[in-house]
Amino acid sequence: MEFLFLKSGECKLMEVNARMFSPLIKTYRQCWKNGDPVRALINVAKGKTVQPPIYNDVYGIHGLITAHKGGKMKDLLDLDDPDVGEVVRPWYTENDNVPLPYGHEGTTLATVDLKAPTYSGVLQRYHEVFKRVLK
């Protein structure tokens, strides 16, 4: 969602973008104070004043863990590591048969939501989690 905040404090809804789907909302809320785009959209629709978001000094990422092979989920992804359990959300149960990839992108096995104080830090953490869970 895109908002325009005028000097008067008035907030105008500019665009509702389909890419702002629900998994991204968690990352957005971690990175911004007053950063609830759903509440902002509802308040704009009601004609209420919306507080502009304030950067929270943290970077976030909503990343994908993909594989270029199929098979049982438990043979593709290791979710027993307690350090990654809270940040990795699998798309399949451990006994599900994961389909072979369709195209060059691979098959998405899980999503990862992370935050860090720097951009490079959040990317480094993402790569670390990816390496730890992908078999």
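Numbering follows the working numbering, with no gaps: position 19 of the sequence shown is 19.
Glycine included, every Cβ here is placed at the ideal spot set by N, Cα and C.
- Here residue 73 is buried, its C-beta having at least 16 other C-beta atoms within 10 Å.
- Residue 60 is positioned such that its CB atom lies closer than 8 Å to that of residue 30.
- Taking 8 Å as the upper bound for CB-CB distance, residue 110 and residue 58 are not in contact here, some 22 Å apart.
- Between the alpha carbons of residue 40 and residue 53 lies a gap of roughly 10 Å.
- Only residues of its own chain outside the window of five on either side were considered, and among them 65, 67, 77 have a CB closer than 7 Å to the CB of residue 134, listed in chain order.
- Per DSSP, the unbroken beta strand (DSSP E) holding residue 115 starts and ends at 107-116.
- Between the alpha carbons of residue 28 and residue 98 lies a gap of roughly 30 Å.
- Residue 114 sits buried, since 16 or more C-beta atoms from the chains shown fall within 10 Å of its C-beta.
- Contact between residue 79 and residue 90 holds: CB atoms are separated by about 6 Å, below the 8 Å threshold.
- With 16 or more other Cβ atoms from the protein chains shown falling within 10 Å of its own Cβ, residue 129 counts as buried.
- Here the alpha carbon of residue 50 sits roughly 14 Å from the alpha carbon of residue 14.
- By a beta-carbon distance limit of 8 Å, residue 88 does not contact residue 122. Their separation comes to about 15 Å.
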